[in-house]
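In what follows, a single structure is set out as structure tokens and then discussed.
Structure follows, in structure tokens:
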């Protein structure tokens with residue numbers, strides 16, 4: 002059956018996004034059939050993709066002890082560092098191959114196909130089947146110490162199923178040039194809260210970035226973003242209080258979220274890409290940044306730079 | 002009935018977001034009752050809000066000849082410039098009061114309550130009733146020449162109804178500090194496409210911003226955003242081709258979208274906030290920017306600066 006699908010597949014499918022002809026919810030009896038359908042091409046690896054182009058697909062198998070599957074939100078564990086016999090974590094995971102691919106997906110906003118291993122409840126020991134569960138985007142990536150005591154890479158993936166792209170219908174009626182309509186689901190959403198706390202912090206700094214002092218101007222005033230140091234919600238569980246928020250320009254917000262910027266307890270800022278100290282976090286009366294949240298950020302967004310192939314760039 | 006609602010309203014309601022106790026879809030017999038319920042406070046104006054804090058609510062009455070109501074997407078016309086007797090547009094609209102408030106909502110991402118005037122199909126001449134249709138965000142703002150021949154301000158509002166904030170459930174379980182949970186719907190989504198065209202343009206420039214040359218670095222590579230010069234979809238109908246895309250850093254993407262940057266046909270860049278020429282758009286082999294799209298952008302995102310109270314800043 003999957004062979005029919007392959008034959009019908011338009012030549013424009015480039016590996017990312019929905020596989021033409023494969024609807025969400027379709028089941029595959031094993032990894033070979035799943036691979037033949039090009040939904041998830043490797044037979045063993047949980048992540049399909051490259052550091053350069055990003056991840057095409059992942060399999061959520063429940064095989065990693067640190068995975069969390071909340072349905073529309075998945076906290077996924079990177080690959081590597083497991084003993085091939087016991088499947089136990091025996092060393093640190095590195096930011097290479099599939100792990101790097103998922104970070105690249107975060108930068109590009111390209112959607113990642115999610116496949117879940119489904120085990121029959123009364124036959125837990127039998128081989129699972131595999132269900133294609135649709136497209137997700139990588140919202141966050143960081144490292145942690147797993148239950149095993151070794152470093153693991155983690156990713157927060159959010160379902161795109163309920164997300165209706167505001168302009169999609171209209172776009173599909175337009176000439177799309179050299180583009181491929183199946184790629185229109187690919188988006189980055191830099192989500193910036195505008196809570197009372199966020200507004201308080203932005204006003205305290207008069208919308209000037211706490212890293213560079215830049216203040217973006219719009220016709221009706223200034224624009225700044227409120228960056229949570231320790232993310233809200235699962236799994237970071239940071240509080241929505243002023244001590245956990247920075248007033249940043251969009252560039253430094255992006256760099257902070259990727260761990261390119263490290264902020265020390267004394268508020269000196271280091272650019273991890275160059276190793277250079279680039280200044281000190283600007284302060285404002287009434288806004289005290291909580292050092293515990295800065296430490297959390299340093300502890301979970303720093304390792305990429307030590308293992309990045311790009312650091313010599 | 003509305004009085005009961007007012008009595009039950011928590012003291013924390015600050016005018017923005019859902020009014021506690023008022024469900025989406027509730028109807029109000031006239032503007033006075035609507036105002037009493039605090040869903041839309043002014044009795045005549047279509048926009049409630051201030052340039053400083055943003056818009057609380059709008060009424061979509063169909064009274065402006067240039068409004069477009071697509072359900073989840075509304076292209077809304079600003080206020081002013083109409084003859085009070087004939088309701089015809091007789092002069093240019095200015096970027097002040099409600100019109101400026103809607104631009105501020107775009108910068109803060111705060112949700113705007115949308116009320117629609119509902120006319121009985123068989124009694125078109127009777128007074129309409131007013132239905133609260135939920136929260137929208139302002140995705141885009143620009144100016145145009147209306148059917149009347151005068152300048153009008155326009156806003157693209159997108160419903161937040163189908164948008165499930167990824168972290169909302171988790172956040173609601175967390176201590177929210179000084180924040181008000183009803184404000185969690187307030188978000189800015191800077192949506193950046195990662196289509197094949199976008200990737201082509203970003204790679205052509207090796208992820209360096211075409212305005213400043215800055216290249217943001219992440220652990221797995223570089224980060225840039227593809228900015229459509231003429232927006233895709235209704236009502237701008239720009240094409241998704243490389244000539245309509247710029248490779249920008251997040252800061253210059255934000256400034257370009259607000260019209261702070263003007264790019265001339267000879268690719269010189271002017272900062273409208275200061276009036277200073279700040280350089281020339283960087284070019285890359287194989288990527289030719291289409292002057293027609295630059296002209297469209299200049300024609301629709303420039304007027305705010307001429308009328309902004311902030312330009313002397």
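Chains as they are written, first to last, in the working numbering: chain A, 2 to 314; chain B, 2 to 314.
Cβ atoms here follow ideal geometry from the backbone N, Cα and C, with glycine treated the same way.
Residue i versus chain B: which residues are under 7 Å apart at the beta carbon?
i, result
"residue 251 of chain A", "251, 252 and 255"
Please name the residue, chosen from the options, that lies closest to residue i on a Cα-to-Cα basis.
i, options, result
"residue 53 of chain A", "B:288, B:207, B:300 and B:266", "B:207"
"residue 50 of chain B", "B:230, B:106, B:250 and B:249", "B:106"
"residue 103 of chain A", "A:89, A:57, A:148 and A:73", "A:57"
"residue 1 of chain B", "B:40, B:59 and B:130", "Nothing in the structure corresponds to residue 1 of chain B, since chain B is present only between 2 and 314."
"residue 293 of chain B", "B:240, B:286 and B:262", "B:240"
"residue 285 of chain A", "A:126, A:244 and A:55", "A:244"
"residue 68 of chain A", "A:146, A:130, A:230 and A:43", "A:146"
"residue 24 of chain B", "B:215, B:38 and B:222", "B:38"
"residue 131 of chain B", "B:114, B:21 and B:144", "B:114"
"residue 18 of chain B", "B:152, B:31 and B:40", "B:40"
"residue 110 of chain B", "A:108, A:197 and A:70", "A:197"
"residue 201 of chain A", "A:116, A:289, A:118 and A:152", "A:289"
"residue 142 of chain A", "A:203, A:148 and A:154", "A:154"
"residue 62 of chain A", "A:134, A:20 and A:151", "A:134"
"residue 99 of chain B", "B:55, B:72, B:116 and B:89", "B:55"
"residue 306 of chain B", "B:101, B:72, B:48 and B:83", "B:101"
"residue 151 of chain A", "A:84, A:73 and A:287", "A:84"
"residue 264 of chain A", "A:230, A:148 and A:116", "A:230"
Where DSSP assigns a beta bridge to residue i, which residues make up the other side?
i, result
"residue 156 of chain B", "B:77 and B:142"
"residue 42 of chain B", "Paired residues: none, contrary to the question."
"residue 90 of chain B", "B:83"
"residue 233 of chain A", "A:239"
"residue 264 of chain B", "B:270"
"residue 226 of chain B", "B:249"
"residue 51 of chain A", "A:55"
"residue 280 of chain A", "A:270"
"residue 30 of chain A", "Bridge partners of residue 30 of chain A: none, in fact."
Would a check of beta-carbon distances place residue i closer than 7 Å to chain A?
i, result
"residue 87 of chain B", "no"
"residue 14 of chain B", "no"
"residue 101 of chain B", "yes"
"residue 34 of chain B", "no"
"residue 96 of chain B", "yes"
"residue 137 of chain B", "no"
"residue 294 of chain B", "no"
Taking residue i as the query, report the chain A residues whose CB atoms sit under 9 Å from its CB, ordered along the chain.
i, result
"residue 104 of chain B", "219, 220, 221 and 222"
Could you tell me which chain A residues have their CB closer than 8 Å to the CB of residue i, listed as they occur along the chain?
i, result
"residue 274 of chain B", "218"
"residue 78 of chain B", "Here the premise fails: no neighbours, minimum Cβ distance about 17 Å."
Using a Cβ cut-off of 7 Å (strictly closer), state whether residue i contacts chain B.
i, result
"residue 52 of chain A", "yes"
"residue 297 of chain A", "no"
"residue 306 of chain A", "yes"
"residue 108 of chain A", "yes"
"residue 277 of chain A", "no"
"residue 290 of chain A", "no"
"residue 300 of chain A", "no"
Closer than 7 Å by beta-carbon distance: list the chain A residues that pair up with residue i, in chain order.
i, result
"residue 261 of chain B", "218 and 219"
Can we say the segment 253-261 of chain A touches the segment 287-306 of chain A, given the rule of at least three CB pairs closer than 8 Å? Yes, the segment 253-261 of chain A is in contact with the segment 287-306 of chain A.
Counting Cβ pairs, one atom from each stretch, are 3 or more of them under 8 Å apart for the segment 272-280 of chain B and the segment 223-235 of chain B? Below 8 Å, too few C-beta pairs join the segment 272-280 of chain B and the segment 223-235 of chain B to call them touching: fewer than three.
With a cut-off of 8 Å, do at least 3 Cβ pairs link the segment 93-102 of chain A to the segment 77-84 of chain A? Three or more Cβ pairs closer than 8 Å define a contact, and the segment 93-102 of chain A meets that threshold against the segment 77-84 of chain A.
Three-pair Cβ contact test at 8 Å for the segment 148-161 of chain A versus the segment 131-140 of chain A: Flag = yes, the segment 148-161 of chain A and the segment 131-140 of chain A touch.
Can we say the segment 215-231 of chain A touches the segment 242-249 of chain A, given the rule of at least three CB pairs closer than 8 Å? The segment 215-231 of chain A vs the segment 242-249 of chain A: in contact.
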